[in-house]
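In the working numbering, the protein residues as written are 1358 to 1685.
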Amino acid sequence: MLKYKNKCTFAEQYGRAGRIINANSPELAFISAMSRDDADAAASMFHETKLFGAPPVVDAPHGRFTGRKAIKEFAEGWLGSFRASNAFVVPVVQTTAGGRSATEMVVGFNIGGEYLRIPMIAVADLRNGGHADEIRIYFHYLMAPGFKAYRPPIYQPSFNIHGEYSLLTGSFGEYYRCLHERDLDSMLAVFNKDICYGGYAPEETHPLRKNYATIREEYERIMSRVPAVETVRFETVIDDGITGIIEWTLVVTDLGRKKYDRVYQAGIAAYERGPDEKLISVRICDYMDHEDDIDPELRSKIVAENAKYEFLAKLPTPAAEGLLTQAK
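What follows is the structure, given as structure tokens:
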């Protein structure tokens, strides 16, 4: 019987009978190959170049790896970066649309005979023949000792413009409208009565939220900062009509940078619609509210670099300035 180092109910909470998962989808095949310590198979997910000549890329909490040689070296160090001798992969949800595929999974790392289970999302920009131009891997730094509380932005967004809501449909789009217009009551109406929030951070410190009272508390906290202190600029959308995956940049306003030392970061979230089209699940993987865990010297450097982007948020009416005092 396997011994586990941590509580992790991600697969049990979000796995459902009837889900279709393609084991050969490159993002899942890539993680699976690395977890069985087969760097050659992992690197084979990529051509020598992307479709129009640029080198392939893997972006992970470990860093950004460009070109097949660097990707293979990353794959060779995968198990070692978690201090593991081997690992297993349990795919939970796979969402494929618009030329991309995302697999949410749990990876169990064997560390001294006990398995550390880490929920992850891997996203692939797809090529024909089971290949990828780029793969991006997300997991929470608190789940894996030795990782930093900072994930640099992957994309260079239009910092003064939120994502176009027309790219999102139904409850998915309404969620983002409510978030950036600080419309809490309408936000709660987006959720199904069986809503479950969470899963990517450690359950010991970030328990799943499963009722309106705790959900309201969570979004009161989030909306105390969005959009005045920071906004969520979505960069890619993978939506199969049931599950929607968004990769995004946490964009910090001038107020957020100058008053609270917030920093730009990369993040991702999964949203799942229920039978009534309302959201039954929100699964966010980001490092929001953990900026104080960033090394102070690094954080100061990042804040200084962010200063080249001037961004004044367009606040809802009324601006609710009093909420800003709760932001830190």
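Glycine is no exception: its CB is placed at the ideal position from the N, C-alpha and C atoms. Since we're looking at a predicted model, the values are computed, not measured.
Rounded to a whole number of angstroms, what is the C-alpha to C-alpha distance between aspartate 1633 and valine 1480? 27 angstroms
Between the C-alpha atoms of aspartate 1611 and alanine 1664, what's the straight-line distance to the nearest angstrom? 8 angstroms
Alpha carbons only, please: which of Pro1509, Phe1367, Arg1425 and Ala1661 is nearest the one belonging to arginine 1614? Ala1661
Please classify glycine 1375: does DSSP put it in a helix, a strand, or coil? coil
Length of the line joining the Cα atoms of arginine 1474 and valine 1463: 6 angstroms
Inter-residue Cα distance where the pair is threonine 1674 and lysine 1360: Residue placement at threonine 1674 cannot be trusted, given a pLDDT of 46 that sits under 50; the coordinates are not used to answer.
Measuring only the C-alpha atoms, how far is glycine 1527 from arginine 1582? 25 angstroms
Same chain, Cβ closer than 7 angstroms to aspartate 1649, neighbours up to 5 away in sequence not counted: none
Give the range of the beta strand (DSSP E) segment to which proline 1448 is assigned. 1443-1454
In whole angstroms, give me the CA-to-CA distance for tyrosine 1541 and tyrosine 1569. According to the sequence as given, residue 1541 is leucine; it is not tyrosine. Cα to Cα, the separation comes out at about 12 angstroms.
Within the chosen definition, does the region 1441-1453 reach the region 1412-1432 through at least 3 CB pairs nearer than 8 angstroms? no
Considering only the alpha carbon of each residue, which of Glu1430, Asp1482, Ala1432 and Ile1478 lies closest to leucine 1408? Asp1482
Could you tell me which whole beta strand (DSSP E) segments of length 3 or greater appear in the region 1605-1655? 1622-1630 and 1636-1642
Bridge partner(s) assigned by DSSP for aspartate 1416: Arg1421 and Arg1493
Beta-carbon contacts of tryptophan 1435 that lie in its chain and below 6 angstroms, excluding the five residues immediately before and after: Met1391
Work out the CA separation of leucine 1636 and aspartate 1416 for me, nearest whole Å. 29 angstroms
Three-state secondary structure (DSSP) of tyrosine 1507: coil
Can you check whether the CB of isoleucine 1388 is closer than 9 angstroms to the CB of methionine 1477? yes
Starting from the C-beta of alanine 1501, find all residues in its chain whose C-beta is less than 7 angstroms away, skip the five residues before and the five after it, and write them out in chain order. Phe1439 and Ile1475
Given this structure, state the Cα-to-Cα distance separating arginine 1373 from alanine 1585, to the nearest angstrom. 38 angstroms
Where cysteine 1365 falls: helix, strand or coil (DSSP): coil
As assigned by DSSP and simplified to three states, the class of proline 1675: Caution is warranted here: a pLDDT of 44 is assigned to proline 1675, below 50, making its placement in the model unreliable, and the coordinate value is therefore given only provisionally. Three-state DSSP puts proline 1675 in coil, outside helix and strand.
Using the Cβ count rule (16 or more neighbours within 10 Å means buried), how would you classify serine 1657? exposed
Through-space distance from isoleucine 1572 to glycine 1450, alpha-carbon basis: Contrary to the premise, residue 1450 reads as valine rather than glycine in this sequence. Spanning the two alpha carbons is a distance of roughly 23 angstroms.
Which value, in whole angstroms, describes the spacing of the CA atoms of lysine 1550 and phenylalanine 1403? 43 angstroms
Taking the C-alpha atoms as reference points, what is the distance between tyrosine 1576 and glycine 1486? 42 angstroms
Helix, strand or coil at leucine 1359 [DSSP, three-state]: coil
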